[in-house]
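Protein chains in written order, with this note's numbering: chain Z, 3 to 357; chain V, 3 to 357; chain B, 3 to 357; chain S, 3 to 357. For glycine and all other residues, C-beta sits at the position ideal for the given N, C-alpha and C. Presented below is the structure to which this report refers.
4 protein chains.
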Amino acid sequence: MYAIVKKMRGPEAEISTVDVPKIKKNEVLVKVKAASICGTDVHLWNWNEWAQNRVRKIPLIFGHEFAGEVLEIDDDVTSVEEGDMVSAETHIVDGTCYQCQTDRMHVCQNMEILGVDRDGAFAEYVVLPERNAWKNDPNLDPAIASIQEPLGNAVQTILPKDHIEDVAGKNVAVLGCGPIGLMAIAVLKALGAAKIFATAGGLNKVRMELAKRMGADMILSASEEGKSIVKVIRDATDGNGVDAALEMSGSPVAVRQAFEMLTPGGRVSLLGILEKPMELDLNNAVVFKAATVYGITGRRMFQTWHQVKGLLSNPDFRNKIASIITHKIPMKDVAKGMGLINSKQAAKVVLEPRW
Amino acid sequence: MYAIVKKMRGPEAEISTVDVPKIKKNEVLVKVKAASICGTDVHLWNWNEWAQNRVRKIPLIFGHEFAGEVLEIDDDVTSVEEGDMVSAETHIVDGTCYQCQTDRMHVCQNMEILGVDRDGAFAEYVVLPERNAWKNDPNLDPAIASIQEPLGNAVQTILPKDHIEDVAGKNVAVLGCGPIGLMAIAVLKALGAAKIFATAGGLNKVRMELAKRMGADMILSASEEGKSIVKVIRDATDGNGVDAALEMSGSPVAVRQAFEMLTPGGRVSLLGILEKPMELDLNNAVVFKAATVYGITGRRMFQTWHQVKGLLSNPDFRNKIASIITHKIPMKDVAKGMGLINSKQAAKVVLEPRW
Amino acid sequence: MYAIVKKMRGPEAEISTVDVPKIKKNEVLVKVKAASICGTDVHLWNWNEWAQNRVRKIPLIFGHEFAGEVLEIDDDVTSVEEGDMVSAETHIVDGTCYQCQTDRMHVCQNMEILGVDRDGAFAEYVVLPERNAWKNDPNLDPAIASIQEPLGNAVQTILPKDHIEDVAGKNVAVLGCGPIGLMAIAVLKALGAAKIFATAGGLNKVRMELAKRMGADMILSASEEGKSIVKVIRDATDGNGVDAALEMSGSPVAVRQAFEMLTPGGRVSLLGILEKPMELDLNNAVVFKAATVYGITGRRMFQTWHQVKGLLSNPDFRNKIASIITHKIPMKDVAKGMGLINSKQAAKVVLEPRW
Amino acid sequence: MYAIVKKMRGPEAEISTVDVPKIKKNEVLVKVKAASICGTDVHLWNWNEWAQNRVRKIPLIFGHEFAGEVLEIDDDVTSVEEGDMVSAETHIVDGTCYQCQTDRMHVCQNMEILGVDRDGAFAEYVVLPERNAWKNDPNLDPAIASIQEPLGNAVQTILPKDHIEDVAGKNVAVLGCGPIGLMAIAVLKALGAAKIFATAGGLNKVRMELAKRMGADMILSASEEGKSIVKVIRDATDGNGVDAALEMSGSPVAVRQAFEMLTPGGRVSLLGILEKPMELDLNNAVVFKAATVYGITGRRMFQTWHQVKGLLSNPDFRNKIASIITHKIPMKDVAKGMGLINSKQAAKVVLEPRW
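Here is the structure:
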């Protein structure tokens, strides 16, 4: 089969022909119908410092956000059938560690990630553990189905636990308008947030227009409005500040702003990955403000998938999310897709199985 | 001033002229711009058994859902000014009992209710404690402003506590399509519920059409579909049943259906008042199902008001809620308003200060 | 091997010799070191109505609360080794249904129960799925280890969810002093409850003395104090009533008392199984009181096991719990054990593998 | 009356005679029976940078942790009577801001603090708003009653919200063994924590011995064990790390250790005040670990007071807490008390009304 394979520890990857993978116990073989490019895939392609430290398996077929059709199942598989349309929960967990036994398997102590620790979905076929195969509505567009995984991250950022202060009727800021930030805006709107503030690092027209379309009430450019962002948001919230701030940029400036714009007793979700340790005034940011801070990684398994399914059952929401996919290109043109993202001309790029 | 006064312990009430009430310490005087009829007002008007047992003060000006303009404030009042447009949190609490000290003043041990324990808002003027005056956006239509109080009940039914399983992407049933039930449907839709099922006691066209307009995905008539309601809903939810069932009818049949249609581990809110004790199979309804049941009375003070304010800031939601007001009539025609509700031709009736 | 086998659909059971069971995929074989008699076992022994309706498998080796040593494991088993001392989570779940995917596998839609739906632990050997084998501290007395499962029920009754109003410094009532009620008193004491009220159905000296030893501050006899129980408890709590009431008796009178003695906004856990549907005044019990009600069945998997392990690491607590075991007898004398429980002379009876 | 008055913006304070303060609307006059020295009082005495920036009112009678007898009440006061024994919730709130209206008045936007923004309790008499007077059991030793306020901080650190992951059966670390840290250890023990780890900055024998007495299972000296602390704790928790880490030292090293020793998905409470902004590796500390972080300031009003009351009703707990009071001296010897604390020879110092 064709696949995008990183054969050496260095930038980029090759379109190669490799054997179709074989299923083992409790696994299923899936024919890929659409795959989308995640920020992680860009790191792997660019072979940045994170990728150099993280990747252990070479050669590696990468890619993990996808949708496809089940072609073959192991004898033990009971919850998925041939012909089912599926996407993947990309976190493969042990099911037995302390975290898995206490309702937080998304931080399993022995986690493997599809397309990072084992071969992924930028290929004609991919193998998954049964437990990681999420059955899609057969009528759901595979391109949209492929981005349910990051949409789950957006939901997780907004609702990091089952019992959490609701955003209904509350003012919320989203700092960073990458694909997950954009999705978070759409989700916040769908969840009844009152005012939604979006901040974007630069003057990226594509993303700022999408932020508006997703439902942001006010879109602020960090490069233009800089330090005044906090004041603007505070003024627009009766002086109270936002009830929740979702940091999705990985910028230290945005992290600090998130805490500054927060109402006392409010909450901050940190999803963005920082380049390095940063200085933070914990007294004023967290302690005196009685702030609650949630670290966000992965998605609760599988509540977020059920929530995403429920939200996508609404056609308006589905169409909004679809509009985040700015490009659909053949999988063989992956280099072009990476370029579109690196140059910030794209929001979400979907690769179609054309080789 | 003119007022609707119950002068004797019996049905109906009189339009009378009485003295304008005087403010005491920490109180404000409000000129009524709009008042809406609550189910409680109908009970008082009809003088049913509940009313006979509950009312201690006669003569009584009743009515409590309203909006108006502050005309006068006591010297001690600091948070409200003359000219402010306000509505009332109708629960007047002591602020010092165990419940008030532990974040649940809506079940204060020494509660007084406006329009039940002290003179209310079916009058030209009404007096409120400062703490109970909720400042409205001056541009908010007084008719809509007057129904924020029951809208708060709808929010409370959906989100009975601050930390509660979210309805986002979940399937929810609303049993009973009275005004608060209709509001609950609109709120659920605004909060991203997946499928919303509404059940109504009879073939009330007005309410069933409003339920559809509010956003119900499926509207079931208890009189026609009877026992099959549970099966229909279960079939429409992959066999799982609903994640939350909101009982807003006060019918024993609906209470039982609420538990039957619930997914194991789900939650039921009970807002409807029953005529008398009812028989319930606690084993199957609650115990074996690991159900959580929330008794709903009043509204958390003042989270629900902030949530309602935030939700009403969305024009689409505001218009939906406005459409629940099926009739606006002069306050002097209160008897007609009561008749419209008793005959179930109306959803919400707003009384305007025309005498 | 020897085993206690119900061979016919009727009361009692036989001591028989049967083949040692064989392990299948992902299963382990355990040599039983101690097994305790659960109320469910008594129902099976007595062959009451519940048992007649519930049991599908005959012949059936019953018993499910136990501790033993792993003798053999399937090749696929990774988390347990031969020689490990284990107890069993007795709920065998599918892992793939809606409930299992959303952190409440204890109400799995396709649950099987050890000793009810498949052969259990009143035998020399028992087979378990790997996932259900809970590794004990090798130094833990098997008799105590065998009652961790009901102790988990007690914890679940007190903390039915991960995010729950704490009992620390709160007043709590336990209605019913059977083994799980007694355990609940000990757990409440260990969790810092302020005043603990225990009510017992009769004048059972064994249980009332154990209730005192477990840490109850006040022990009330339902037969003697009857209706005054609510008043006594209310008087002892500054008139507020209890913050939480744990119904563990299955008596309709106790269910009603639980709600009556509850402070407004408080919570009730229902663990006791009722003989039949009961009449309840939902208005005053639940709605007007803004009560939260939790149905309790099973134990969250596996948080409660971790909590039990943590609590048992305290020697004082462990000794208290040990004292609930009033009798240790040979397994062959199971009939005697059943008699002790039926006559209420025992709290917990442990069967030892002597045949 | 005698009082300890800071008359100038500089270190220390004077014993002076001043007028007995007069009560205003809704206020009560209290005769001080015991007052304890808080870290804040030491800052005010030492006139450190924080004090220089924070204090606006001079002359200032400081001190806020106390217990006393109500001598006089304003006509409007209803919940307290002359002769009542009271302590003070020291946060005086407006009751009308967004925070006060949403169940977090402990972060009121217009907070005043007793003994900082208005005259406090290091005096013969002190005036309080009625709402801030907490009625004590008349039999409670005034010295213990005076330290309920910091004990409330300890409870708040452990249970920062009403719905929080319980510590029952969990492993918890307390970083810092000052008075509130010591109290936290005692509270954790009373709440059924499994293993309690305490870390102390130096080799302070007084505090380390008290930590043991409070119930710490392992006491680690930061100066001696340094970097190995995290490893030691991890090894003692089956490699999982602690479920909750309570940072009570204000040391950047301890903050980092708190996150390092945390199990993925666990929680950190930050109560300690840092000298300045610190560098933190947010990726590994918070994001990838899915940590929840709570900023702790003040105490929820008035849940924590009820919880403290409930806990102190247990004689064993009360005696433990009493032992944290290492010194009782006359109020006129305040300079000596400050010296004892500055030299770390004392845990808690109580001042008695001897002049």
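- According to the DSSP assignment, Z/ILE231 belongs to the alpha helix (DSSP H) that extends over 230-237.
- Shown here for Z/ALA175: same chain residues with a beta carbon closer than 8 angstroms to its own, the five before and five after excluded, namely ILE198, PHE199, ALA200, THR201, ILE235, VAL244, ALA246, ALA247, LEU248, ALA260, MET263 in chain order.
- For the stretch 243-257 of chain Z, the set of positions with a beta-carbon nearer than 8 angstroms to some beta-carbon of chain S reads VAL257 in chain order.
- The beta carbon of S/PRO61 is closer than 7 angstroms to those of VAL7, LYS8, LYS9 in its chain, skipping five residues each way along the sequence.
- Under the 10 Å beta carbon count, B/PRO332 is surrounded by fewer than 16 other beta carbons and is classified as exposed.
- A buried status is given to B/SER253, since no fewer than 16 other beta-carbon atoms sit within 10 Å of its beta-carbon.
- Rounded to whole angstroms, the separation of the alpha carbons of B/ARG209 and B/GLN347 is 9 angstroms.
- Counting only residues of its own chain and dropping the five nearest sequence neighbours on each side, B/VAL289 has no CB closer than 7 angstroms to any other CB.
- Judged by their CB atoms, V/ALA135 and V/VAL32 are nearer to each other than the 9 angstroms cut-off.
- The alpha-carbon separation between S/ASN321 and B/ALA196 amounts to approximately 15 angstroms.
- Remark: C-beta atoms of Z/GLY297 and S/VAL295 approach each other more closely than 9 angstroms.
- At a C-beta separation below 9 angstroms, B/ASP283 has these neighbours in chain V: LEU276, LYS278, PRO279, MET280.
- Between the C-alpha atoms of B/VAL82 and B/GLU132 there is a straight-line separation of about 7 angstroms.
- The alpha-carbon of V/GLU281 is positioned some 23 angstroms away from that of B/GLY268.
- When 9 angstroms is used as the limit between beta carbons, V/GLN309 is near these residues of chain Z: ASP168, ALA170, GLY171, LYS172, GLY194, ALA196, in chain order.
- Here Z/LEU314 is buried. Its C-beta has 16 or more other C-beta atoms within 10 Å.
- With distances taken between CA atoms, V/LYS207 lies nearest to V/CYS179 out of V/GLU227, V/GLY194, V/CYS179.
- Secondary structure remark: continuous beta strand (DSSP E) runs of at least 3 residues inside the stretch 148-227 of chain S, in chain order: 165-167, 174-177, 198-202, 220-223.
- At least one CB of chain V lies nearer than 9 angstroms to the CB of Z/GLY312.
- Under the Cβ criterion (8 angstroms, minimum of three pairs), the stretch 137-148 of chain S does not count as touching the stretch 212-224 of chain S.
- Only residues of its own chain outside the window of five on either side were considered, and among them GLU132 have a CB closer than 8 angstroms to the CB of Z/THR80, listed in chain order.
- The residue from S/TYR100, S/LYS163, S/ASN173, S/GLY41 with its alpha-carbon nearest to that of S/PRO152 is S/GLY41.
- Nearest to Z/GLU14 by C-alpha distance, out of Z/VAL336, Z/GLU354, Z/SER345, is Z/VAL336.
- Excluding residues up to 5 positions away in sequence, VAL95, ASP96, CYS99 lie with their Cβ nearer than 8 angstroms to the Cβ of S/ASN112 in the same chain.
- Taking 9 angstroms as the CB threshold, Z/ILE182 stays off the interface with chain S.
- For the pair S/VAL352 and S/ILE39, the CB atoms are nearer than the 9 angstroms cut-off.
- With its beta carbon at least 9 angstroms from every one in chain B, Z/ASP86 lies outside the interface.
- What S/LYS291 touches in chain Z, judged by beta-carbon distance under 8 angstroms, is VAL109, GLY297, THR299, going in chain order.
- By the C-beta criterion, the stretch 161-168 of chain Z is judged to be in contact with the stretch 154-174 of chain V, since at least 3 inter-stretch pairs fall below 8 angstroms.
- Against chain Z, the CB of V/ASN316 has a partner CB under 9 angstroms away; the residue lies at that interface.
- Membership of B/MET340 in the alpha helix (DSSP H) is indicated by the continuous run 336-344.
- The contact set of S/ASP119 on chain V, defined by CB atoms closer than 9 angstroms, is empty, because the minimum CB distance reaches about 18 angstroms.
- Taking 8 angstroms as the upper bound for CB-CB distance, V/GLU84 and V/GLU91 are not in contact here, some 20 angstroms apart.
- Residue pairing by DSSP places Z/VAL295 opposite Z/VAL270, S/VAL295 in a beta bridge.
- Per DSSP, reduced to three states, the secondary structure at B/THR328 is strand.
- Put simply, the CB of S/HIS165 is near chain Z, with a gap under 9 angstroms to one of its CB atoms.
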